[in-house]
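Numbering of the sequence shown is given in this note's numbering, commencing with residue 1339 and proceeding in unit increments. Glycine included, each C-beta is placed from N, C-alpha and C at the ideal position.
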Amino acid sequence: MGDHYTVLATYVTGGVHWQLDAFRDANGSFCMGINGPKGPDATANIPWVNAACGFDDSDSGGYYGGGDAPGKNAFVSYGPLPGKAVGVRVSTKEVVPTKPLPKGHDLPDGRYWIFYQPASWPGKGAKAVEPQPLDASGRKVAFKKF
């Protein structure tokens, strides 16, 4: 992996710096992961580090990744999306926005999403739902293979 990763977003939670990275693994599969501020090669001893590779359009195959995040009982979900997906419904009351994957950097065309879930989520009166990508009109968009 070396220095061949792209930082998609950076965050600070409870004083802990972390980031969402995108990269290709040794087999050429597209991967995304939650890492410390020095990237995927310098985070082996951080307990909340996680990554997912080979995203596909099959529910059983895994079309998004997730795992523990910095913060008490916190979780994070993330993944790539088709270009027309501008949001992802994560609860009955919440849609998170998506962002374009940067051009170049050996990344595929499309967008990505990330959602940090504190222990208090989804909040009063809301229910978590299976993440569902949406287009600008609020219609469902299918996950795709990356």
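Can you tell me which of the three DSSP states residue i falls into?
i: residue 1379; result: helix
i: residue 1450; result: strand
i: residue 1360; result: strand
i: residue 1419; result: strand
i: residue 1390; result: strand
i: residue 1395; result: coil
i: residue 1442; result: coil
i: residue 1467; result: strand
Just mark residue i as buried or exposed, buried being the case when its beta carbon has 16 or more other beta carbons within 10 Å.
i: residue 1379; result: exposed
i: residue 1449; result: buried
i: residue 1377; result: buried
i: residue 1430; result: exposed
i: residue 1353; result: exposed
i: residue 1415; result: buried
i: residue 1471; result: buried
i: residue 1440; result: exposed
Nearest to residue i by CA position, among the options, is which residue?
i: residue 1347; options: 1417, 1456, 1394, 1430; result: 1417
i: residue 1390; options: 1360, 1438, 1350, 1445; result: 1360
i: residue 1374; options: 1388, 1363, 1368; result: 1388
i: residue 1455; options: 1447, 1402, 1365, 1466; result: 1466
i: residue 1407; options: 1401, 1395, 1393, 1385; result: 1385
i: residue 1355; options: 1372, 1367, 1365; result: 1372
Cβ of residue i versus every heavy atom of the ligand GDP: is any distance shorter than 6 Å?
i: residue 1412; result: Only the bare structure without any ligand can be found here, which leaves the ligand GDP out of the picture.
Hey, could you find the ends of the beta strand (DSSP E) residue i is sitting in?
i: residue 1368; result: 1368 to 1373
i: residue 1347; result: 1343 to 1351
i: residue 1474; result: No beta strand (DSSP E) contains residue 1474, which DSSP labels as neither H nor E.
i: residue 1461; result: From DSSP, residue 1461 is part of no beta strand (DSSP E); its letter is neither H nor E.
i: residue 1435; result: 1432 to 1435
Notebook entry, point to check: Three or more C-beta pairs closer than 8 Å, one from the stretch 1466 to 1477 and one from the stretch 1425 to 1445: is that the case here?
Noted result: Contact between the stretch 1466 to 1477 and the stretch 1425 to 1445 is present, because at least three Cβ pairs lie under 8 Å.
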